[in-house]
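Colleague:
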Amino acid sequence: MMTTEPPPPATRTGAGAVSVPPSVAPRPSLAGRHARALYRPVPPVGYDDEGHPESDSATVESVTHDDIRAYAIRALRVRYAADPGFFAGGDLGLLFERGNPAAVMAPDLLVSFGAGGGARSSYKLWEAPVPDLVMELLSPKTWRRDVEAKPALYEELGVREFWLFDPFGKLPRPVNGWLLDADGAYAPVPALPDGGCRSAVLDLDLVAHGDGFRFRDPVTGELLPDHAETATALRVSETARRTAETRVAELEALLRRSDHL
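Sequence positions in the sequence shown follow the numbering used here and run 5 to 265.
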C-alpha cells in the first residue's frame, strides 16, 4: 500500500520569513518495490473493463510443467469439493493494486479457503481474500526470479504459505515450503524424513513423485491420485467387475448343465 510520511515542520530564515520544505516523496508502491517479481504478460494481452490484464499469449513451459500444475489443481478440487469457500486455480492473474495493470503475478497454483469456487478470469485482492497458499514451479528460464524475487512479494502480501517445486536440482530438495510466522515473515517448513514437507494450510504432505509431486494424506499415507490415475483405476475396476460377472455366469451355466445330467 502506498504510504507517505508527514513533512518536517517549516523553518524560519531571515527576518521572520518562513521557508516551506520540499514535499517528501511518497514511498514506492508494493509493485514498484518488487518490480522484478512481477509477471509480464506476453502480447497480445486481453484486458478487463478496469484495464487489468486477464489473458495473454504465453506458451506452456513444458508438458511436464503443465501436467504438474493440472494435477495439483484437480487433486485439491476433489479433496475439498465439499467446502463451498474453497478455490484452486493456476496460471491465473493475481492482481494486487487496483488501477495498476503492472501489479500482477501469475502463480502456478493459487489456493484460497475463502474465495469460493466458480470460474474466474483473474484473482483481484480488492474483491477476494489474500490467497492462503501459492506455489511456483521452477523453470529453466525463470527459476532465479521464482527463488530470489517472488518470496518477498508474497510475504508482504500476506500469503500464508509459499511453495516452490524444483524438478531441476537448483534447490537442496524438490519440495520446499515457507510459512508465515507470528511476525509476518516466512520461515522454512521443516522437511519430513522422506524429504517431503507438510502443508499446514492444506493439512497434506507434499512429496516428490516421478517427474512431479503428489499430495499425501498424513493420516492414511495415501497419495491423492491425478485425473489419469483415477480414470485408469476406474477402468481396471470396471474390467475386473465384468470379468468376475462373466466367470460367475459361466459357473452358473456349468452347474445348471450338471443338474440335468
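Backbone N, C-alpha and C fix where the C-beta goes; we use that ideal spot for every residue, glycine too.
Is it true that the CB of G200 sits closer than 7 Å to the CB of D187?
Modeller: no
Colleague: Does the beta-carbon of A86 have 16 or more other beta-carbons within 10 angstroms, so that it is buried, or is it exposed?
Modeller: exposed
Colleague: From R124, V67, L206 and R218, pick the residue whose C-alpha is nearest to that of V138; which is it?
Modeller: L206
Colleague: Return the residue from the list G121, A41, A92 and L141 that minimises the CA-CA distance to F100.
Modeller: A41
Colleague: Are A204 and V179 closer than 7 Å when you measure CB to CB?
Modeller: no
Colleague: Please say whether A92 and R81 have beta carbons closer to each other than 7 Å?
Modeller: yes
Colleague: Three-state secondary structure (DSSP) at M5?
Modeller: Only weak support is given to the placement of M5: the predicted model assigns it a pLDDT of 37, under 50, and the question is left unresolved by the model.
Colleague: Give a yes or no on whether 7 Å exceeds the smallest Cβ distance from K145 to chain D.
Modeller: No chain D is part of this structure, which consists of one protein chain only.
Colleague: DSSP three-state label for P192, please.
Modeller: strand
Colleague: What residues are listed by DSSP as bridge partners for E101?
Modeller: In the DSSP output, where bridge partners are listed per residue, E101 has none listed.
Colleague: Ignore the nearest five residues each way along the sequence and tell me which others in V46's own chain have a CB closer than 7 Å to its CB.
Modeller: D60, S61 and A62
Colleague: To the nearest angstrom, report how far apart G89 and A119 are at their CA atoms.
Modeller: 6 Å
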